[in-house]
Amino acid sequence: MTPATSFESALTSGAWLDWPLDKKRRALEVLRAKRSELVRSAWQPYPWQRPHVHPDGWEGSDGGPWCTPACLELPVYVPKAHDVVMLFGGRGIGKTDYGAQHVLDHVNGPPCDPRVPGGHRLTIVAPTIGDAVESCVNGPSGLRAYDPRVRVVGTREGTLARFPNGSRARLLGASSPEDVNRLRSAGNACLIWIEEAAACRHLAGVLDISSPGLRLGHAPHYVVTTTPRARPEVKALLKRAVVTQGRTEDAWHLPAEVREALYRQHAGTRIGRPVRQPGRVGVGRRRPVPQVVRGRDRR
Ligand SMILES: Nc1ncnc2c1ncn2[C@@H]1O[C@H](COP(=O)(O)OP(=O)(O)OP(=O)(O)O)[C@@H](O)[C@H]1O
Ligand SMILES: [Mg+2]
Ligand SMILES: [Zn+2]
Ligand SMILES: [Zn+2]
């Protein structure tokens, strides 16, 4: 990159006008990335966007296993090898956003394996490959919203997201057995992000095939972001995962109209269920609340 001072003086003097197109484009991308960084640095994460382990006796809010602002005080959970870090919850709570940020922080962190370009080799799985491209990379909460230098490229190996430091993420769908088979060649990953896992038709296959390939670096792990759905695969995943859980009602950055619209769209479904259910909450009626972090017992 051009050193900041000459870059700034080129901007003020107008010398940038004579730069070749390619250099102008690169400079613009660097500026866009800086802008995204600034916007993001002003954000407070929602409590559920910081994976953490709840202390014993933790009750959540409203009788549900929902994270509360107090969760922000808890130490961030650092994933260990083969952990499943899961963000589970209603529409618009920042799941995709969290996945994208986790991936970018990881890719920009210490290399997992210095032998691979950029030091990291990732896999991103979504219900379809189109979802992986659209939601995880190009969409408003995807990787490019934070770093516009991330590129989707079609190669002989398949569709990849390329990061500025040379790391790559293979983008895959999970709607057919062929999709699942492609995961075999996507092996040797240090991080696998499964977006909208509960909507992935072949979720069990995705987990079975990707697991042996998760072996790069000292803590290769999964990040799973999903809206809830009562599926046996999801229940099994919840049992082994470090889970944080949020709900649309508590996503305070969402404009009120958007929140209302989401409730209306999901009326009658599990996600759109009114939050304060009669009988679930109330003074003197303390029912045991399931622990949100269930993976703890394993260790
Ligand atoms: N911590 C935060 N602070 C401010 N805005 C946020 C935060 N996290 C997410 N957002 C914004 O909230 C909106 C919803 O985020 P996102 O798309 O990640 O939610 P989602 O849970 O994936 O939604 P969906 O259920 O529709 O897939 C986006 O505009 C995102 O940029
Ligand atoms: Mg999403
Ligand atoms: Zn919590
Ligand atoms: Zn890595």
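Take the numbering used here: the final residue in the sequence shown is number 368, and no numbers are missing along the way. Backbone N, C-alpha and C define an ideal beta-carbon position, used for all residues, glycine too.
{"Item": "Figure out for me which residue from LEU283, GLY315, ALA214 has the closest Cα to the Cα of TRP117.", "Value": "GLY315"}
{"Item": "Hey, quick one: how far does the beta strand (DSSP E) through ARG231 stretch, first residue to last?", "Value": "227 to 231"}
{"Item": "Hey, VAL176 and TYR291 are a contact pair by Cβ (cut 8 Å); roughly how many whole angstroms apart?", "Value": "Wrong, their Cβ atoms sit about 16 Å apart, outside the cutoff."}
{"Item": "What span of residues does the alpha helix (DSSP H) with ARG218 cover, start to end?", "Value": "First-last for ARG218: undefined, no H or E at that position."}
{"Item": "Please list, in chain order, all residues with a C-beta atom less than 7 Å from at least one heavy atom of ligand 3.", "Value": "PRO116, TRP117, HIS121, HIS123, CYS136, THR137, CYS140, LEU143, THR313, VAL361"}
{"Item": "Bridge partners for GLN314 per DSSP, in chain order?", "Value": "PHE157"}
{"Item": "Taking all protein chains shown into account, do 16 or more other C-beta atoms lie within 10 angstroms of the C-beta of PRO196, making it buried, or fewer, making it exposed?", "Value": "buried"}
{"Item": "Got a sec? Which residues, its chain only, sit under 6 Å from LEU260 by beta carbon, not counting five neighbours each side?", "Value": "HIS175, LEU191"}
{"Item": "Thinking C-beta only, is GLY227 closer than 9 Å to PRO246?", "Value": "no"}
{"Item": "CYS269 and ALA230 - do their beta-carbons sit closer together than 9 Å?", "Value": "no"}
{"Item": "Write down the C-beta distance between LEU283 and GLU302 rounded to the nearest angstrom, noting that I regard them as a contact closer than 8 Å.", "Value": "Going by Cβ atoms, the distance from LEU283 to GLU302 rounds to 17 Å, so no, they are not a contact pair."}
{"Item": "Return the residue from the list ALA111, LYS164, ASP182, GLY161 that minimises the CA-CA distance to PRO289.", "Value": "ASP182"}
{"Item": "Between the alpha carbons of ALA111 and VAL221, how many angstroms are there, rounded?", "Value": "27 Å"}
{"Item": "With contact counted as at least three CB pairs below 8 Å, one residue from each stretch, are the region 118 to 138 and the region 86 to 99 in contact?", "Value": "no"}
{"Item": "Measuring CA to CA, which of PRO124, ALA243, THR81, GLU265 is closest to GLY159?", "Value": "GLU265"}
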